[in-house]
Amino acid sequence: MTVFSLCFLLCAELLDSAVGYLTVTIEPIPPVVVGETVTLKCNFKTDGRLREIVWFRVMDGGTLKQKIFTYDAMFNTNYSHMEDYRRREDLVYQSTVRLPEVRISDNGPYECHVGIYDRATREKVVLASGNVFLNVMAPPKAISVVAADTPAPFSRYQAQNFTLMCIVSGGKPEPTVYFKRDGELIDVIPYAQPPAAGESGGSAGVRGARPLISRDLDDTKMQRSLSLLDLDGKAARSYTEGPARGFTPGAPGSEPSPATETIPETVVSREFPRWVQSSDPLYYFSTAHLPQSDGTVEVRAMLTWTLNPQLDNDALFSCEVKHPALSMPMQAEVTLAAPKGPKLQMTPSRAKVGDTVRIAVEGFQNEVFPEPLFTWTRVGGRLLDGSLERDGYELVLERVPAELNGSMYRCTAQNPLGSTDTHTRLIVFENPSMMKHTQNQNNAASHKDVLGLIVTVLILTVTVELT
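Letter by letter, the sequence shown follows residues -20 to -1, 1 to 447 of mature numbering (1 follows the signal peptide of the UniProt record, and there is no 0).
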């Protein structure tokens, strides 16, 4: 060993004996879930005299450090640097801090700084530090499945893409989302943009045939659809358009009766298109991640395929979510279903001439998904405002005239899986107040005519006597 090496070791030994040694380590913390209690433990070894222990929370990528707790060994006291209403830290033993009911905002790095007195002078403090990262997880709060681009009409003559969107909010880190059909995991193809309808609807849009399940083997839907077609292949109109009954006060049959006549459901478009294929379609899958202000991530997973109304009607689709903060997967499910028989409600129940009549959809004979599109038309004529049709849940007829008595209205409910029609007839009763007003006007006019005739006779009589 050289003289230089001996001198270096001797100087190091003298410096160590003057300053003392200090090492700081912090035990790693596994990920914790919101609401749990976390203990931050700072371990240090030293042969010097302890001055203080300070805990910092590191923010803004390390550019900002917030002092959260201090232990002062000189006075044997500890205190929090947080405001009283936010104070949640608790010193367990000098260097150990406990955070009860952690929140997402507590996520991030923490540092423990330990200071000891220099042996050479009490005015100098020797510092050492350690750090640890607190990873706070939050389970998803909500999950829902919706149909994209709805309400949408039923397509009879060409294939169309259909997209289910699963929205999962409140999770940290972002959860894993996947889809199932009738309880079986769907084999998906990841994509960045939805494929065009023409691309996925052609020969490239299907893969090898799969064993048909009982729902696929049910051909009653196709038989029913063919029965609704006439010989030319056009949709048959099974309703009849009779002449409107005029309103004649006092005529036979004008006695009070139910204000509306419910016509049996008429299914016009329950047929399934003939272009559908019996093969299993390709399912395309994509996800979008939207960071939220509270530190969580909203995930929107989209499943797109070429819709086959004959096979997809009554199919059960579920969206499931896996997350490290969940003990079991979250799930939301929907059943694809075409609308059947919308139930209509007319108010007022006894419509009179001059009333404002509202015809609204109150429900269906089944659970419908996705949301249907409603279209109102008048059988054999235009609506009261002169338009051919009107969209929405409700049809409003303002100040109905007597001429609308007996008119029939059609409500068409449709979604990408099918459509159905329901009819109702409007019965308009006479309005006594309007009839009384009309009668008073007629009586006043007749009184004026009689008075005028009397005045004319008197004038003629006076004229004759004078001559």
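Virtual Cβ for every residue (Gly too), placed ideally from N, Cα, C.
Relative to the C-alpha of residue i, which candidate in the options has its C-alpha closest?
i: Tyr137; options: Asn58, Ile439, Pro412 and Leu397; result: Leu397
i: Gly361; options: Ser387, Pro352, Asp86 and Arg370; result: Ser387
i: Pro153; options: Leu262, Leu44 and Asp274; result: Asp274
i: Ser266; options: Asn111, Glu278 and Met282; result: Met282
i: Val38; options: Phe55, Asn56, Glu7 and Ser85; result: Ser85
i: Gly163; options: Ala295, Leu20 and Thr443; result: Ala295
i: Trp285; options: Arg161, Met54 and Gly321; result: Arg161
i: Pro120; options: Glu383, Arg280 and Phe344; result: Arg280
i: Pro322; options: Glu342, Ile6, Pro155 and Leu384; result: Glu342
i: Cys22; options: Glu383, Pro8 and Lys320; result: Pro8
i: Asn111; options: Glu103, Val94 and Thr101; result: Val94
i: Lys320; options: Met326, Asn346 and Gln140; result: Asn346
i: Ser60; options: Leu440, Met54 and Arg78; result: Arg78
Quick check on DSSP: helix, strand or coil for residue i?
i: Thr436; result: helix
i: Thr336; result: coil
i: Gln203; result: Only weak support is given to the placement of Gln203: the predicted model assigns it a pLDDT of 39, under 50, and the value that follows is read from those uncertain coordinates. Reduced to three states, the DSSP call for Gln203 is helix.
i: Glu154; result: coil
i: Glu347; result: coil
i: Gln290; result: helix
i: Glu81; result: coil
i: Glu383; result: helix
i: Gly441; result: Looking at the sequence shown, residue 441 is not Gly but Thr. Residue state, collapsed to three classes: helix.
i: Gly360; result: coil
i: Pro8; result: coil
i: Pro412; result: helix
i: Leu114; result: strand
i: Asp167; result: coil
i: Gly398; result: strand
i: Asp371; result: strand
i: Asp40; result: helix
i: Asp52; result: strand
i: Arg225; result: Here Arg225 scores only 38 on pLDDT, less than 50, and its place in the model should not be relied on; the value that follows carries that caveat. Three-state DSSP puts Arg225 in coil, outside helix and strand.
i: Arg67; result: Reliability of the predicted coordinates at Arg67 is poor, the pLDDT of 45 falling under 50, and no value is obtained from them.
i: Ser183; result: With a pLDDT of 35 at Ser183, under the threshold of 50, the modelled position of this residue cannot be trusted; read the value that follows with caution. Three-state result, Ser183: helix.
i: Met282; result: strand
i: Leu(-7); result: Only weak support exists for where Leu(-7) lies, its pLDDT of 42 falling under 50; the value from the coordinates is given anyway. Residue state, collapsed to three classes: helix.
Taking Cβ to Cβ, would you say residue i is nearer than 8 angstroms to residue j?
i: Ala317; j: Ser298; result: no
i: residue 448; j: Ala331; result: Since the first and last residues shown for the chain are -20 and 447, residue 448 lies out of range.
i: Val301; j: Val157; result: yes
i: Leu287; j: Phe113; result: no
i: Tyr389; j: Thr400; result: no
i: Ala122; j: Leu353; result: no
i: Leu364; j: Thr357; result: no
i: Gly151; j: Arg99; result: no
i: Thr402; j: Leu324; result: yes
i: Thr50; j: Glu32; result: yes
i: Val314; j: Glu410; result: no
i: Thr24; j: Thr43; result: Looking at the sequence shown, residue 24 is not Thr but Phe. No, Cβ-Cβ distance for Phe24 and Thr43 is not below 8 angstroms.
i: Val12; j: Val82; result: yes
How long is the line joining the alpha carbons of residue i and residue j, rounded to whole angstroms?
i: Phe159; j: Val168; result: 9 angstroms
i: Thr276; j: Thr336; result: 50 angstroms
i: Val148; j: Tyr1; result: 52 angstroms
i: Thr26; j: Asn58; result: 20 angstroms
i: Val359; j: Phe349; result: 27 angstroms
i: Ala118; j: Glu278; result: 12 angstroms
i: Pro261; j: Met308; result: 30 angstroms
i: Arg379; j: Ile434; result: 41 angstroms
i: Ser329; j: Val408; result: 10 angstroms
i: Thr355; j: Ala393; result: 7 angstroms
i: Ala108; j: Thr76; result: 16 angstroms
i: His269; j: Val14; result: 21 angstroms
i: Tyr171; j: Tyr264; result: 6 angstroms
i: Phe134; j: Gly41; result: 53 angstroms
i: Gln290; j: Pro80; result: 56 angstroms
i: Asn395; j: Pro304; result: 38 angstroms
i: Leu406; j: Ser413; result: 20 angstroms
i: Gln46; j: Asp371; result: 59 angstroms
i: Phe36; j: Met310; result: 37 angstroms
i: Val105; j: Ile96; result: 5 angstroms
i: Thr17; j: Leu30; result: 28 angstroms
i: Glu351; j: Leu165; result: 25 angstroms
i: Met326; j: Cys391; result: 12 angstroms
i: Arg338; j: Pro155; result: 46 angstroms
i: Ala139; j: Met145; result: 20 angstroms
i: Glu383; j: Leu377; result: 13 angstroms
i: Asn56; j: Pro10; result: 31 angstroms
Using 7 angstroms as the cut-off, classify the Cβ of residue i as near or not near the heavy atoms of the ligand GDP, replying yes or no.
i: Ile169; result: This structure lacks the ligand GDP, and indeed carries no ligand of any kind.
Problem set entry | Inter-stretch contact at 8 angstroms, needing at least 3 Cβ pairs: the segment 89 to 100 / the segment 122 to 136 | no
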